[in-house]
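Residue numbers (my numbering): 624 to 985. From the three backbone atoms N, C-alpha and C, an ideal C-beta is built for every residue, glycine too. Read the structure below first, then the notes.
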């Protein structure tokens, strides 16, 4: 029976060894097991082959002239074309230090010479299977993301049309439409707005999950100003008051995501704060060097039980949504996890709440 089973096509193994006898032995072993074999006698040839025709797995000797296996592995892991290819070192070096170094460089396994044929085949089979499953999973996730974005935009378009048409009717025919009907139209419009917000939250959640960002020093005053601009209508509708600090210490993060955190905290404080809501924004450098930023409200506060579920992961969002916080706080936590920060809440019933996040300082 052939050793490959994940794909109908034979898996490809690149064998890198400067000893011809070892190359022939491994090529024969893997070829007889049904694999497609590509031999390389030195590191530079191995890199060229891996980059032009990426294999499913690389068997790599360590002790080679000019460019040893460690250096080859470094180049492989630094190149996006070859980074994900599993590397198994095969070497006469059997010291613990050599094995640790191999794994630190990104190898998935280590086989000491002289090796047993059955052991090599078992390790090759296992890692190729895992590699192909991971590759298939990445492709399926990419397809799902693309599908989700398409569906999201397809859903947003009719919702935006509903919102626009209701605006038109309420502006042009306000004097002719009964008050009760106007009330129903406003409820429909608010529901459409909530639908758009949910879609936007889902798109942001997907973006945070898959996107890698470069951290930069943040102009927090500018970020907060942008968040306030986005919430100006809500602030007016709720007759909210927002108090800002005079100085912001410099934290490190990704400005668009941090703006989303502020929008989430401030919108929640406006909706669920006091009557009228008063928001106090503040910041302070913590003893461990983290920069804490917060939004304090004058709302009714939260019980310890409610606080415990606010930032829970997606599986418990139904419980959070029942309290009116939607997807937002789960996204806030994911953003801070991605940025190396922290989130939290301090709240006393009947005394208001303080929602905070922390980011590394510059």
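- In this structure, 743 is the residue among 743, 798, 830 with its C-alpha nearest to the C-alpha of residue 638.
- Here residue 909 carries a coil assignment [DSSP, helix/strand/coil].
- Selection 916, 972, 726, 704 evaluated against residue 930 yields 972 as nearest (Cα-Cα).
- Per DSSP, reduced to three states, the secondary structure at residue 708 is coil, with no helix or strand assignment.
- Cβ neighbours of residue 669 within its own chain (closer than 6 Å, five residues either side excluded): 639, 663, 695.
- The shortest CA-to-CA distance from residue 822 to any of 877, 777, 677, 754 is the one to 777.
- Counting along the chain, residue 656 sits inside no alpha helix (DSSP H), nor does DSSP assign it H or E at all.
- Secondary structure of residue 964 (DSSP, three-state): coil.
- Membership of residue 692 in the alpha helix (DSSP H) is indicated by the continuous run 692-701.
- Between the C-alpha atoms of residue 675 and residue 791 there is a straight-line separation of about 58 Å.
- Nearest in C-alpha terms to residue 753, of all of 733, 770, 708, is 708.
- DSSP places residue 714 in the strand class (E or B) of the three-state scheme.
- When C-beta atoms of the segment 859-876 are compared with those of the segment 908-918, three or more pairs fall below 8 Å, so the two segments count as touching.
- Comparing alpha-carbon positions, the option among 785, 679, 826, 805 lying closest to residue 756 turns out to be 679.
- For the 8 Å CB-CB criterion, residue 901 and residue 864 form a contact.
- DSSP places residue 733 in the uninterrupted beta strand (DSSP E) bounded by 732-735.
- Burial check for residue 732: the Cβ neighbour count within 10 Å reaches 16 or more, so the residue is buried.
- Inclusion of residue 667 and residue 687 in the CB contact set at 8 Å is not warranted, their separation being larger than that value.
- Around the Cβ of residue 701, a 10 Å sphere holds fewer than 16 other Cβ atoms; the residue is exposed.
- Sequence-distant Cβ neighbours of residue 659 in its own chain, meaning closer than 8 Å and more than five residues away, are 633, 634, 635, 636.
- Spatial neighbours of residue 851 in its own chain (CB-CB distance under 8 Å, excluding positions within 5 residues in sequence) are listed in chain order as 858, 865, 889.
- In this structure residue 642 is exposed. Its beta-carbon is surrounded by fewer than 16 other beta-carbon atoms within 10 angstroms.
- The beta carbons of residue 782 and residue 818 sit closer together than 8 Å.
- Counting only residues of its own chain and dropping the five nearest sequence neighbours on each side, residue 725 has a CB closer than 6 Å to the CB of 712, 733.
- Residue 858 carries a helical assignment under DSSP once its states are collapsed to helix, strand and coil.
- Take residue 924, set aside five residues on each side of it, and the residues of its chain with a beta-carbon closer than 7 Å to its own are 970, 971, 972, 973, 974, 975, 976, in chain order.
- Across the set 808, 899, 920, the C-alpha of 808 shows the shortest separation from the C-alpha of residue 789.
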